[in-house]
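What follows is one structure encoded as structure tokens, with my remarks underneath.
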Amino acid sequence: MEQKRSNKIIYFGVIIGACLIISACIFSYAFYIARQPEDLLYVTGSVRQQVSADMAKWVGTFSRTVPVEDLKSGYTLMSQDEKTVKEFFKENGFSENDFSITPVFMEQLYMYDYNAPKENILRQTVIIQANDVNKITFMAKNTQKLIDAGVIFATQSLEYYYTELPKLRIELIPDAINDAKMRAQKIAEGSGKTIKSIKSANLGVVQVLPVNSTEVSDWGTYDVSTIEKEVMIPVTVTFAIK
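Take the sequence shown: its position 29, counted from the start at 1, is 32 in the working numbering, and no numbers get skipped.
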């Protein structure tokens, strides 16, 4: 009786030991597989979409150069010029709430000839931002009326912006990832492998370029010189391959 009981204990111990060994082997194999480095493929994808600027910013200046001793009359002329400039904007459909004019800034005009009369330059800046891009462009190109009225007017800058860029960027990200995926599939097929899954995706710097431009920058580019633009969204995607 005791012998049979002893044999059962031995058999039971053998079974338990075998189970522990098998479990350890399975765990070790699973751990080994999990620790194996995956084959990864890094691919950059991008997408471009043409957009039209929906806001324009025009900056211009008008000025007078006057003798130091005749500063009072210079300010009188600047006041008259400001009224003429305001009238010009109103005639083109803008109210005084649509644009701003800075106070008069004065700077001394330095001459190489120390005996030359001393003069000061009086200058004001006018700034307008509006969604009517075509109207702003037309005005910037047709300031002859101001010149004819005696205003010494000059355009400092004319810039075009696309205000829906944040929204468009989000919309284009899936297309950029799909572009990267198609490239990755071609690369993987060439090496006899297939795409398993996407491990990560990193959005690059958004580029706003003139149409058909290739002048991208690592820091990002935002073209403000043209109405028609191309928005480029780059993305770097990491794929697991097998």
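Where is the CB? At the ideal position from N, CA and C, for every residue including glycine.
Measuring straight from C-alpha to C-alpha, what distance separates Arg67 and Ser82?
11 Å
My parser needs the alpha helix (DSSP H) runs of 4 or more residues fully inside the region 54–138; what are they?
74–94
How would you write the range of the beta strand (DSSP E) that Asn145 sits in, first residue to last?
Neither: Asn145 is in no beta strand (DSSP E) and is coded neither H nor E.
Which residue comes first and which comes last in the beta strand (DSSP E) that contains Glu218?
Neither: Glu218 is in no beta strand (DSSP E) and is coded neither H nor E.
Around the Cβ of Ala243, are there at least 16 other Cβ atoms within 10 angstroms (buried) or fewer (exposed)?
exposed
Three-way DSSP call (helix, strand, coil) for Ile201 in this model:
strand
Using three-state DSSP, classify Glu192 as helix, strand or coil.
helix
Can you tell me whether DSSP reads Lys245 as helix, strand or coil?
coil
Whether Val54 touches Lys232 by CB criterion (7 Å):
yes
Cβ shell of Gly77 (< 6 Å), same chain only, five flanking positions each side left out:
Arg67, Val69 and Leu125
Using three-state DSSP, classify Ala157 as helix, strand or coil.
strand
Kindly give me the distance between the Cβ atoms of Met185 and Arg51, rounded to whole angstroms, as I take these residues to be in contact under 8 Å.
At roughly 15 Å, the Cβ-Cβ gap does not stay under 8 Å, so Met185 and Arg51 are not in contact.
Same chain only: Cβ atoms within 8 Å of Ala133, ignoring 5 sequence neighbours per side
Met58, Ala59, Phe97, Asp101 and Ile139
Need the endpoints of the beta strand (DSSP E) that Val209 sits in, please.
Where Val209 is concerned, there is no enclosing beta strand (DSSP E), given that its DSSP letter is neither H nor E.
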